[in-house]
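>
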Amino acid sequence: MTIFFVVAVTTLFSALLMFQHFRRTHGRLVSATGKNLHLNRGPSRRARAGRSAGIVAKRTDSINAPDSCSSPPGTRCASHARSAAPCAGRARRTAFRNDGDRDRPESRRAGTARWHADARVPPPDEHLPGTLQSLPFAVLLFDSRGHVSFANPVAEKLFGYSQGEFIGTSSNVLVPGLQDQLQFHAASPSLGVRIKSTASTQDRVARRRDGTELPVEITINSMSSGVERCAIVVVVDRSERCELQRNRQQLAHLTRVSTLGELAGSLAHELNQPLTAILSNAQAAQRFMAARPINLVEVQEILHDLVEDNRRASEVIRKIRALAKKGELEAVPLSIASVIEDVALLVHSDAIIRGIRVSLNIAPGLPAVRGDKVQLQQVVLNLLLNAFDALECRPAQDRVVVVKATHDGKGSTCIAVSDRGRGVADDMFDELFAPFVTSKRDGLGLGLSISRSIVDMHGGRIWAENNRDQGATFHVTLPAAATREGACTREQP
Amino acid sequence: MNEPAPIVFVVDDDDSVRRALTRLIRSAGYCVECFASAREFLESHFHAWSTACLVLDVGLPQLDGLELQHELNARNRALPIVFITGRGDIAMTVSAMKAGAVDFLAKPVSDTDLLRAIGNALAHASQAFASRIELDSIHGRLARLTPREREVLALLVEGRPNKQVAFQLGIAEKTIKVHRARVMDKLEARSLIDLVRITDKAVIPHLSGDARSH
Chain A
12 MTIFFVVAVT TLFSALLMFQ HFRRTHGRLV SATGKNLHLN RGPSRRARAG RSAGIVAKRT
72 DSINAPDSCS SPPGTRCASH ARSAAPCAGR ARRTAFRNDG DRDRPESRRA GTARWHADAR
132 VPPPDEHLPG TLQSLPFAVL LFDSRGHVSF ANPVAEKLFG YSQGEFIGTS SNVLVPGLQD
192 QLQFHAASPS LGVRIKSTAS TQDRVARRRD GTELPVEITI NSMSSGVERC AIVVVVDRSE
252 RCELQRNRQQ LAHLTRVSTL GELAGSLAHE LNQPLTAILS NAQAAQRFMA ARPINLVEVQ
312 EILHDLVEDN RRASEVIRKI RALAKKGELE AVPLSIASVI EDVALLVHSD AIIRGIRVSL
372 NIAPGLPAVR GDKVQLQQVV LNLLLNAFDA LECRPAQDRV VVVKATHDGK GSTCIAVSDR
432 GRGVADDMFD ELFAPFVTSK RDGLGLGLSI SRSIVDMHGG RIWAENNRDQ GATFHVTLPA
492 AATREGACTR EQP
Chain B
40 MNEPAPIVFV VDDDDSVRRA LTRLIRSAGY CVECFASARE FLESHFHAWS TACLVLDVGL
100 PQLDGLELQH ELNARNRALP IVFITGRGDI AMTVSAMKAG AVDFLAKPVS DTDLLRAIGN
160 ALAHASQAFA SRIELDSIHG RLARLTPRER EVLALLVEGR PNKQVAFQLG IAEKTIKVHR
220 ARVMDKLEAR SLIDLVRITD KAVIPHLSGD ARSH
């Protein structure tokens, strides 16, 4: 039984390491734990009696490697193989220590004492706690009723509970809504130890003992050994990552607001136009009403226009507010045409002041793109204003910016913003999208860098190239809503 | 001098502003014709109207309001302009006024300001029209003079007596008297002072290059 669990824990451990490795290498989540790491059959009784821990560790490798490489192709497999090596070493050490423990019954008792004193389900194995204790991330074991039967020190630190307080705490108290996600597969004594990763990794909010909340990523695995059933839940603190994301959003918001500040004059003009129309219409109406006979047709038309102009003014305000708002990212299917048209409206009078003509060329029937409208507007706004800047000091006939939106037939939407300026210097291409790189006198150098991070989050691509004749074109491709994977927000299960 | 009804031209690229301004000006009893761009206006028969003024938005795409003003001046087809703008600055205002604008108003513009400015502009236009008519008539009268009569006229308006004119032109004083009588008759002048006034009007506009009277 001991060896079964060493194998089981090692497998779990390597799975978790892989998961960690993926988090580090890919930045965003790829569900490494989404596939089953399933030991069909534990080693036989003979193996348990005779084999040394070292042999077991080797066996772990041989079981583990082909299993983890079986389904994902290419690079993923390579990552697994890399992470398998340290696992083996760690497993070997664990095994030896466990063997050493065998000679010290006191310490074993101390270990088992950490299990719930009157748990109806007995501890799955006396060595499992020792192994889980040493893991560098929070691990909680829940019994079949969803109560904590074990928590490792990292979990104690993360949640602020002492071991004694932890035992028997309901899963919903620690992570609201967790209870429904815990799955216990049917006990099947004949199959020996089974660890099954049943659910994908989820983003949740955990609650500490003092009531404060923190964002976490949890992975739930169910485990059974004979009639014992429990769920192993690995909890990873995501506060830092959330903080990072929040900082990035704040930066994006700041640049958006500063861009709006630069556009303030133009935006005021966009508001002033409907106000002008409203005032003149209203005063015309007063005059028509004073005349005899009253020209009712004229007055009716005026009232209609008043309503329209009022709507137009509110629309401008709504668009400014939308860009200035400091909201959470939302991923919804949206029309790229409307994203571009909204931005074109905001820069309309800026273009007139600068003597620039903006020509929109939007293909009909573009597929919906899944993403955050404000952020995508920010990208288009950046590209348009950059194009405007590029046309400074150009002769009148060159003062044209063309915005094209097309689809490539493979589901992606392409936006191209072309100017007829001086183009991008050859040595600038590499660092064009790096932060704090700018060719403008008073530029911050954040526009393109933020644009790139936004496009990245949407699973798209952004790049620049010089036109054959004159100027430069910035391209953005965005995957269509239906085909997009792994973008800025993950679906909650 | 039978002056036709005045007309107000409105040039603004914003549909709803253009419509509202047109309505407001029409509500004051003027004939209005509107255009969405400076080009459209230049291509129209705006110059066929004798008394007209232009309500012009500064911020027009492509050819803007100030450029249109210069273009009209350059074509010698100037008409009184009331500028309206959403974002005027001092430099812009000075430049427009120097080039002969009647007024420079900020959007949103109140009806009293706009209609007063239009009234002034049309008064300018009508005055310009009247002086143009008069000038045309003076030119017609001057055209009737013979070369010798012109020479006599030129010296007379300098204030020279007949004797000096006769001496300078090398002809008899008696003949000068005949020429002088003919000049007075042809130019419909009742006195020497009248003669000076008429020749002044005919010459000064050309010398000063006042584009408003062509």
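Protein chains in written order, with the working numbering: chain A, 12 to 504; chain B, 40 to 253.
Ideal Cβ positions, reconstructed from N, Cα and C, are used throughout, including at glycine.
DSSP has B:Glu72 in a bridge; who is on the other side?
Here B:Glu72 is bridged, per DSSP, to B:Phe48.
> Could you check the C-alpha separation between A:Pro83 and A:His359 for me, to the nearest Å?
Any answer about A:Pro83 is weak, because its pLDDT of 38 lies below 50 and its placement is not dependable; what the coordinates show is given next. One C-alpha to the other measures close to 50 Å.
> What are the start and end residues of the beta strand (DSSP E) that includes A:Asp438?
A:Asp438 -> no beta strand (DSSP E), and no H or E assigned at all.
> Which ranges does the alpha helix (DSSP H) cover as unbroken runs of at least 4 residues, wholly within the stretch 291-359 of chain A, from first to last along the chain?
List check, alpha helix (DSSP H) in window: 307-335.
> If contact is defined by three or more beta carbon pairs under 8 Å, each pair taking one atom from either stretch, is the stretch 148-163 of chain B in contact with the stretch 120-128 of chain B?
yes
> Just tell me which of A:Ala242, A:His280 and A:Ala374 has its CA closest to the CA of A:Arg356.
The question names Arg, but residue 356 of chain A is Leu in the sequence shown. If we check each option's Cα against that of A:Leu356, A:His280 comes out closest.
> DSSP three-state call for A:Pro187: helix, strand or coil?
Coil, per DSSP.
> Less than 8 Å between the C-beta atoms of A:Val244 and A:Leu151, yes or no?
yes
> Determine the direct distance from the alpha carbon of A:Arg405 to that of A:Arg463, and round the result to whole angstroms.
27 Å
> Flag B:Gly125 as yes if its beta-carbon sits less than 8 Å from any beta-carbon of chain A, otherwise no.
yes
> Classify A:Arg240 as buried or exposed, calling it buried when 16 or more other Cβ atoms lie within 10 Å of its own Cβ.
buried
> Closer than 8 Å between beta carbons: that is the criterion. Which residues of the stretch 60-86 of chain B meet it against chain A?
Leu60, Arg62, Leu63, Arg65, Ser66 and Ala67
> Work out the CA separation of A:Ser233 and A:Arg62 for me, nearest whole Å.
Residue placement at A:Arg62 is flagged as unreliable, the pLDDT there being 40, under the threshold of 50; a coordinate-derived value is accordingly withheld.
> Measure from the C-beta of A:His315 to each C-beta in chain B and report whether the shortest distance is under 8 Å.
no
> Kindly list the residues whose CB is nearer than 7 Å to the CB of A:Met300, restricted to its own chain and excluding five residues on each side of it in sequence; keep chain order.
Val310
> For B:Val204, which three-state DSSP category applies?
helix
> In the stretch 422-492 of chain A, which residue ranges form an unbroken alpha helix (DSSP H) of at least 4 residues, counting only runs that do not cross its ends?
As far as the stretch 422-492 of chain A is concerned, its whole alpha helix (DSSP H) runs of at least 4 residues are 458-468.
> My output table needs one value for A:Glu224: the three-state DSSP class, helix, strand or coil.
strand
> For the stretch 129-149 of chain B against the stretch 97-107 of chain B, do three or more pairs of beta-carbon atoms, one drawn from each stretch, fall closer than 8 Å, so that the two count as touching?
yes
> In whole angstroms, what separates the C-alpha of B:Arg116 from that of B:His86?
7 Å
> Would you tell me roughly how many angstroms separate the C-alpha atoms of A:Val380 and A:Gly272, rounded to the nearest one?
28 Å
> For A:Val391, which option in A:Pro375, A:Val413, A:Gln408 and A:Gly179 has the closest C-alpha, if you only look at C-alpha atoms?
A:Val413
> Which residues in the same chain as A:Arg56 place their Cβ atom closer than 8 Å to its Cβ, once the five residues preceding and following it in sequence are excluded?
With a pLDDT of only 42 at A:Arg56, under 50, the local geometry of the prediction cannot be trusted, and no value is derived from it.
> Taking Cβ positions only, does B:Val204 come closer than 8 Å to chain A?
no
> Decide if B:Gln207 is buried, meaning its Cβ has at least 16 other Cβ atoms within 10 Å, or exposed.
exposed
> Who are the neighbours of A:Gly272 on chain B, taking C-beta pairs under 8 Å?
Within 8 Å Cβ-Cβ: nothing; A:Gly272 doesn't reach chain B, min ~16 Å.
> Examine chain A for any beta-carbon lying closer than 8 Å to the beta-carbon of B:Pro45, and answer yes or no.
Closer than 8 Å: no.
> So, with DSSP's three-state summary, where would you put B:Ile64?
helix
> What residues in its chain sit with their C-beta under 6 Å from that of A:Ser277, if we drop five residues either side in the sequence?
Ser360 and Asp361
> Can you tell me whether B:Arg114 is buried or exposed? The criterion is at least 16 other CB atoms within 10 Å of its CB, across all chains shown.
exposed
> Which residues in chain A have a C-beta closer than 9 Å to the C-beta of B:Lys240? List them in chain order.
Per Cβ cutoff of 9 Å: no residues; B:Lys240 is ~40 Å from chain A at best.
> Consider the Cβ of B:Val196: report whether some Cβ of chain A lies at a distance smaller than 8 Å.
no
> Sorted by chain position, which residues of the same chain lie with C-beta nearer than 8 Å to A:Leu282's C-beta, five sequence neighbours on each side aside?
Ala324, Val327 and Ile328
> What residue from B:Val235, B:Ala211, B:Leu181 and B:Asp233 has the CA that sits closest to B:Lys225's CA?
B:Leu181
> So which of A:Glu167, A:Phe440, A:Phe399 and A:His486 has the shortest CA-CA distance to A:Arg365?
A:Phe399
> Against chain A, does B:Ser55 count as a neighbour if the rule is that its beta carbon must be under 8 Å from one of theirs?
yes
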